[in-house]
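A.B. asks: If you scroll down you'll find the structure; I have some questions about it.
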Amino acid sequence: MAIEVKELMKEIKESRKQTSASQKDEVRVMQAMLNDTTYEVGVYTNKGKVDTYNPAKDFRTMQANIFSSAAKTTKAEAAELIAKYEVTKSDATTMVNVSKEFINTYLSCGRKLPLGGREDSNFSLSVKDTPKTEKVYQRRTVADDGTVSWVPGSKIIPAHKTLKAKSSCPSWVE
Numbered sequence: 000m001a002i003e004v005k006e007l008m009k010e011i012k013e014s015r016k017q018t019s020a021s022q023k024d025e026v027r028v029m030q031a032m033l034n035d036t037t038y039e040v041g042v043y044t045n046k047g048k049v050d051t052y053n054p055a056k057d058f059r060t061m062q063a064n065i066f067s068s069a070a071k072t073t074k075a076e077a078a079e080l081i082a083k084y085e086v087t088k089s090d091a092t093t094m095v096n097v098s099k100e101f102i103n104t105y106l107s108c109g110r111k112l113p114l115g116g117r118e119d120s121n122f123s124l125s126v127k128d129t130p131k132t133e134k135v136y137q138r139r140t141v142a143d144d145g146t147v148s149w150v151p152g153s154k155i156i157p158a159h160k161t162l163k164a165k166s167s168c169p170s171w172v173e
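With numbering that gives the first Met the number 0 applied, the sequence shown covers 0 to 173.
This is the structure in structure tokens:
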């Protein structure tokens, strides 16, 4: 039986020693989200909670639509078959990769990506062009006789894109 999303999230939070990336955990969370039909999140707007979202049910509806169309079966037959399917690590890895590429591609269009209001958050992402700059710093040098001195140093930082994350306190949080 697949692990429940909330149980997995608790396990990851408790075993985490630092905030760092983990491809293994990304895949585990995605796999749990796509298999756990009991996991739901509230969807919030300025009016408060307006809906709930169930990733596993949404994913299964998409799979049933694909299966029904490709196999020329009814959506009911396809949904019945898909209900028995359990997402694999390989499937979850593909979904993580597709999700990441969607975010990168969409942000490259210059648009803001709202991630949707949840119970206590309302995140959005956008890309910002950062111009070429010169970073000035003090560099420590040690002479042959052992004396330490500080000399100015600099490094050219080329123009690049940076990620801007916005997360103000949502109006529905009291």
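Virtual Cβ for every residue (Gly too), placed ideally from N, Cα, C.
1) Going by other Cβ atoms of all chains shown within 10 Å of its Cβ, with 16 needed for buried, is residue 101 buried or exposed?
2) Output the residue ranges of the alpha helix (DSSP H) runs that lie fully inside the segment 55-135 and measure 4 residues or longer, sorted by chain position.
3) At which residues does the alpha helix (DSSP H) containing residue 144 begin and terminate?
4) Given this structure, state the Cα-to-Cα distance separating residue 71 from residue 62, to the nearest angstrom.
5) Which class does residue 167 belong to by DSSP, given the choice of helix, strand or coil?
6) If we call anything under 8 Å between Cβ atoms a contact, is residue 138 one with residue 147?
7) Out of 161, 151, 64, which one is the CA nearest neighbour of residue 127?
8) Specify the secondary structure class of residue 5 as computed by DSSP and reduced to three states.
9) My output table needs one value for residue 22: the three-state DSSP class, helix, strand or coil.
10) Just to confirm my understanding: we take residue 170, look at its own chain, exclude 5 residues before and 5 after, and list those with CB closer than 7 Å. What are they?
11) Quick one: measure Cβ to Cβ for residue 91 and residue 33, integer angstroms, because I've assumed they're closer than 8 Å.
12) Thinking C-beta only, is residue 43 closer than 8 Å to residue 53?
13) Could you check which residue in 104, 131, 130, 132 has the C-alpha nearest to that of residue 124?
14) Under the assumption that residue 110 contacts residue 41 (Cβ atoms under 8 Å), give the Cβ distance between them as a whole number of angstroms.
15) Are residue 113 and residue 135 closer than 8 Å when you measure CB to CB?
16) Going by beta carbon distance, what residues of the same chain come within less than 7 Å of residue 67, once the five residues before and after it are set aside?
17) Which partner residues of residue 151 appear in the DSSP bridge assignment?
C.D. replies: Straight from the coordinates:
1) exposed
2) 74-82, 88-107
3) It is not in any alpha helix (DSSP H) - residue 144 carries neither H nor E in the DSSP assignment.
4) 13 Å
5) coil
6) no
7) 161
8) helix
9) helix
10) 45
11) 6 Å
12) no
13) 104
14) With a Cβ gap of about 25 Å, residue 110 and residue 41 do not count as contacting.
15) no
16) 73, 74, 77
17) 137
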